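Reviewing the structure listed below.
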Amino acid sequence: MRKYDHKEIEKKWQERWERDNSFGAEDGNEKKYYCLIEFPYPSGDGIHAGHVRSYTAMDVIARKRRAEGYNVLFPIGWDAFGLPTENYAIKTGIHPREVTKKNTDNFRRQLKALGISFDWSREINTSDPAYYIWTQWIFLQLYKHGLAYKAKIAINWCFSCKIGLANEEVVDGKCERCGGATEKREKEQWMLKITKYADRLLKDLDSVDYLEKIKTQQRNWIGKSDGAEIDFKLSGIPGQEDGKHSVKIFTTRPDTIFGATFLAVSPDLAKKWLDIGWQANEEVKKYAANEFASRRARDFEEKEKTGVDAGIFAVNPANGEKIPVWVVNYVLGDVGTGAIMAVPAHDERDFEFAKKYDLPIKMVVCPHYPEKTCPVLDHAYTGAGHLVGSGAFDGMANEEAKKKIIEFVGGKQKTTYKLRDWVFSRQRYWGEPIPMIFCKECGWTPVSEEDLPVVLPDVQKYEPTDTGESPLANIAEWVNTTCPKCGGPARRETDVMPNWAGSSWYFLRYCDTENKTALADKEKLDYWMPVDWYNGGMEHTTLHLLYSRFWNKFLFDIGAVPVSEPYAKRTSHGLILAEGGVKMSKSKGNVVNPDDIVDHYGADTLRLYEMFMGPFEQAIGWSEDSLIGPRRFLEKVWGLREKVDKGVSDTADKELEALLHQTIKKVSEDIEAMRFNTAISQMMIFSNELEKRGSIPTDYFVSFLMLLAPFAPHIAEEIWESLGHEHPILHEPWPLYDADKIVVEAQTIAIQVNGKVRGTLITQVSSRENEILEEALRDERIKKWVGAGKVKKTIYIPGKVLNIVTVL
RNA sequence: GCCGACGUGGCGGAAUUGGUAUACGCGCAUGGCUUAGGACCAUGUGCCGCAAGGCUUGUGAGUUCGAGUCUCACCGUCGGCACCA
Numbered sequence: 036m037r038k039y040d041h042k043e044i045e046k047k048w049q050e051r052w053e054r055d056n057s058f059g060a061e062d063g064n065e066k067k068y069y070c071l072i073e074f075p076y077p078s079g080d081g082i083h084a085g086h087v088r089s090y091t092a093m094d095v096i097a098r099k100r101r102a103e104g105y106n107v108l109f110p111i112g113w114d115a116f117g118l119p120t121e122n123y124a125i126k127t128g129i130h131p132r133e134v135t136k137k138n139t140d141n142f143r144r145q146l147k148a149l150g151i152s153f154d155w156s157r158e159i160n161t162s163d164p165a166y167y168i169w170t171q172w173i174f175l176q177l178y179k180h181g182l183a184y185k186a187k188i189a190i191n192w193c194f195s196c197k198i199g200l201a202n203e204e205v206v207d208g209k210c211e212r213c214g215g216a217t218e219k220r221e222k223e224q225w226m227l228k229i230t231k232y233a234d235r236l237l238k239d240l241d242s243v244d245y246l247e248k249i250k251t252q253q254r255n256w257i258g259k260s261d262g263a264e265i266d267f268k269l270s271g272i273p274g275q276e277d278g279k280h281s282v283k284i285f286t287t288r289p290d291t292i293f294g295a296t297f298l299a300v301s302p303d304l305a306k307k308w309l310d311i312g313w314q315a316n317e318e319v320k321k322y323a324a325n326e327f328a329s330r331r332a333r334d335f336e337e338k339e340k341t342g343v344d345a346g347i348f349a350v351n352p353a354n355g356e357k358i359p360v361w362v363v364n365y366v367l368g369d370v371g372t373g374a375i376m377a378v379p380a381h382d383e384r385d386f387e388f389a390k391k392y393d394l395p396i397k398m399v400v401c402p403h404y405p406e407k408t409c410p411v412l413d414h415a416y417t418g419a420g421h422l423v424g425s426g427a428f429d430g431m432a433n434e435e436a437k438k439k440i441i442e443f444v445g446g447k448q449k450t451t452y453k454l455r456d457w458v459f460s461r462q463r464y465w466g467e468p469i470p471m472i473f474c475k476e477c478g479w480t481p482v483s484e485e486d487l488p489v490v491l492p493d494v495q496k497y498e499p500t501d502t503g504e505s506p507l508a509n510i511a512e513w514v515n516t517t518c519p520k521c522g523g524p525a526r527r528e529t530d531v532m533p534n535w536a537g538s539s540w541y542f543l544r545y546c547d548t549e550n551k552t553a554l555a556d557k558e559k560l561d562y563w564m565p566v567d568w569y570n571g572g573m574e575h576t577t578l579h580l581l582y583s584r585f586w587n588k589f590l591f592d593i594g595a596v597p598v599s600e601p602y603a604k605r606t607s608h609g610l611i612l613a614e615g616g617v618k619m620s621k622s623k624g625n626v627v628n629p630d631d632i633v634d635h636y637g638a639d640t641l642r643l644y645e646m647f648m649g650p651f652e653q654a655i656g657w658s659e660d661s662l663i664g665p666r667r668f669l670e671k672v673w674g675l676r677e678k679v680d681k682g683v684s685d686t687a688d689k690e691l692e693a694l695l696h697q698t699i700k701k702v703s704e705d706i707e708a709m710r711f712n713t714a715i716s717q718m719m720i721f722s723n724e725l726e727k728r729g730s731i732p733t734d735y736f737v738s739f740l741m742l743l744a745p746f747a748p749h750i751a752e753e754i755w756e757s758l759g760h761e762h763p764i765l766h767e768p769w770p771l772y773d774a775d776k777i778v779v780e781a782q783t784i785a786i787q788v789n790g791k792v793r794g795t796l797i798t799q800v801s802s803r804e805n806e807i808l809e810e811a812l813r814d815e816r817i818k819k820w821v822g823a824g825k826v827k828k829t830i831y832i833p834g835k836v837l838n839i840v841t842v843l
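All residue numbers for the first sequence refer to the numbering used here, where the first residue is 36 and numbers rise by one.
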């Protein structure tokens, strides 16, 4: 008997798939299925165990869909722009293009060695001018539609990367990439108006099939809140007439306005007032300046609430009451209007502050109305109730009062979002040049579309500058150009796009990778879009996933794309941790290199192991010891080949037949739900049973092989061929189960006495309750437990349990 | 602090609507094979107990004929958000 030689087998089938272009997707009329994984960033470290997990999972689905008769698109490419490559270039002096070439070659080799069924004929690379011409084109369209604008804003500056970061890229005040410190800096930046799409990005989540936790995270990130803007007139400003100035506040609780006992403004707003001539006392000036400055380099630890009395008053428009104005650190300048009406009785933060500074607390929403004995508060009451102490609104349910009070005080309903516009400039080299030109006469002018792409020029040095200018700024012959509008001298934008740009539309390019006149052909987009199933990491939920939905919606609006949501279904995989459940990292030396595993155990074993190791969505620790299990399973299957008889199934073996149909059902359903671990354990159960048989009916074995093929495609093909088939197993139709054949005739019933299992009984499916009871009562063991007690009641769950109750 | 998920053998983990807890795999033990080790094969393997039997799904209570699953309280772990008005 031939030994299972994974190296020989895997090499043979990978070459054959390549030769036959087995996974090339043809545009056509058949029913299509578009499977997508997040294309990798080709780092110098090569692929890691996490790539294998995500890609194998999608490969299993893609292969199953092909077997089900779908025309499957399962593409791959490279998200090739980005910082690590650039940093490597700085260190070594090698051009990022060459580094990228080397890395993508390595990734391609590694992915092919895993036997993932990618359509390699559609490979794309975001750093290829033939690709980024369209990234730039999309930017121009955004600009033309007023969605790209330049603004001086406080950005998050990372000291070690020397780059400005989007809000999304800052985690706990630190750079998401390198973990280094960041600070706020004012800089001119290109911005994309994603906030214009906030509402649609939120609402359309209802129409897609994403994991619930993904939807929740996006909803929280968008952070919609409905409320009102209300003007409070100011009084007591030195040298100013009362009521001349006013402050606009935002609140979600207009119903509590009668309970406002002070008005709180952010240090940012106070500073703005001071800048335009507010004569405040020294204490206020100092406080506002300090807090404003400290918020620039804001640390994210919980801060104690502080504030100072501004010495002026605001007039509550609901009752004309004069309430003091405070400058406080817990109101943020960039949220809402930067000012709030403080209602200590019904807001926890206001309550905490009022307690500390001994400000009045006035309850106006009472939970026990009409008993007017409102409880004495030891914390803010934020729940529902009826209004008290609110003039004409007394007795009204608070929810109902919201709208009426807004009207009463002349406020305006307003919706705010946490989502901020997207900071789109990066002062680095290895990215798409932003196709804009600055002319002293005409201002910012877009490069004309015929002049695209604006090709990234070669530079001598890749180092970014501490002043925050891109290395591109040093290339005079590239920077200096002529204005597309007036023809006068002008300068190119030297900032480049963030690495999120190319990945915001790559799923569209896969539909038509060679197109030179459009980002993709309309008909092809019509056929392939939307992506039917997209799997990726949770860490991209608020970045890539949101950004790409935004771009797709914009492209839909201008008629460039046929669907408004790019992904019909989105799932995510759990992280693979190192042995012992800690994070894999080069410094700890605990990184698993897939190449070693493929070499030693084979790609099929690695694939199977990663699918078997635990629930797909869950983070899980690597275990080298456990790899042997899947390997033994494959060896066992390899051995079973010898026992396959040439005849057709012996239907006398009803038990095996039932198990086969159960296995087909379970594997089919588990793949759809991404319960790969239980699908594999079911296949193991079946193969264990096959091994007990002297000979195996061919048709049973063949069905089993087809279930195995998506997980371990190389060995499945090899065995399939050795059974005398000329065409590969990947073109064979997916096996179907017969519901009638799943049921076995004999079944084991657990016999309980008073809820405790005391024995089991093998019965026929056709047995009735009283027959089972009689037989159970004949059993000595059961008899003993029933004892002298009378049978008061029995509960029978068909096929499962008979419970004999003697006490009640 | 808020939101969400989760807690099952030595380990990774199974368990339809509440219905035989510990499937499958790893590890371990004993035996076989082997000069030896590994690999492989067979059998066993939740805990206590000689046995009968008892106990067991983070802890404590509750509902039920019956709870890993449902309810309440508590403890713990992980993820997300973090003064969003």
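Heads up, the beta-carbon is just placed ideally off N, CA and C, and yes, glycines get one too. Please read all numbers here as calculations on a predicted model, not as lab measurements.
Buried or exposed by the 16-neighbour rule on C-beta atoms within 10 Å, applied to residue i
i      : result
LYS496 : exposed
ALA744 : buried
PRO131 : buried
ALA805 : Before going on, a small fix: residue 805 reads as Asn here, not Ala. With fewer than 16 other Cβ atoms within 10 Å, it is exposed.
THR783 : exposed
LYS99  : buried
PRO492 : exposed
GLY616 : exposed
ASN846 : With the chain covering only 36 through 843, there is no way to say anything about residue 846.
GLN253 : buried
PHE194 : exposed
HIS421 : buried
Residue i in three-state terms, based on DSSP
i      : result
ALA332 : For ALA332, the predicted model reports a pLDDT of 40, less than 50, meaning its position is unreliable; a value from the coordinates is still stated below. Three-state DSSP puts ALA332 in coil, outside helix and strand.
GLY373 : coil
MET646 : helix
ASN141 : helix
ALA315 : coil
ASN515 : strand
GLU652 : coil
MET532 : coil
ALA299 : strand
PRO629 : helix
ILE44  : helix
VAL81  : According to the sequence displayed, residue 81 carries Gly and not Val. Note: GLY81 maps to coil in three-state DSSP.
N-terminal and C-terminal residue of the alpha helix (DSSP H) that residue i is part of
i      : result
PRO763 : Looking at the DSSP string, PRO763 is not in any alpha helix (DSSP H), and its letter there is neither H nor E.
ALA353 : Here ALA353 belongs to no alpha helix (DSSP H), and DSSP marks it neither H nor E.
ILE396 : Careful: ILE396 lies outside any alpha helix (DSSP H) and carries neither H nor E.
TYR166 : 164–179
TYR541 : 541–544
Those residues which DSSP pairs with residue i across a bridge
i      : result
LYS447 : GLU264
ILE784 : LEU796
THR217 : CYS193
ALA525 : CYS474, THR516
ALA432 : HIS421
Range of the contiguous beta strand (DSSP E) that encloses residue i
i      : result
HIS608 : 604–608
ALA189 : 183–193
VAL282 : 281–286
GLU158 : 154–160
Spatially closest choice to residue i from the options, by CA coordinates
i      : options                        : result
PRO597 : LYS559, THR291, ASP630         : LYS559
LYS66  : MET564, PRO665, ARG642, SER658 : MET564
PRO164 : CYS210, ASP40, TRP465, TYR245  : TRP465
GLY258 : LEU246, ARG235, GLU276         : ARG235
GLY59  : ARG101, ASP734, LYS46, ILE82   : ARG101
PRO833 : TYR569, VAL800, TYR232, GLU158 : VAL800
GLU504 : THR829, ASP486, ALA349, ARG463 : ARG463
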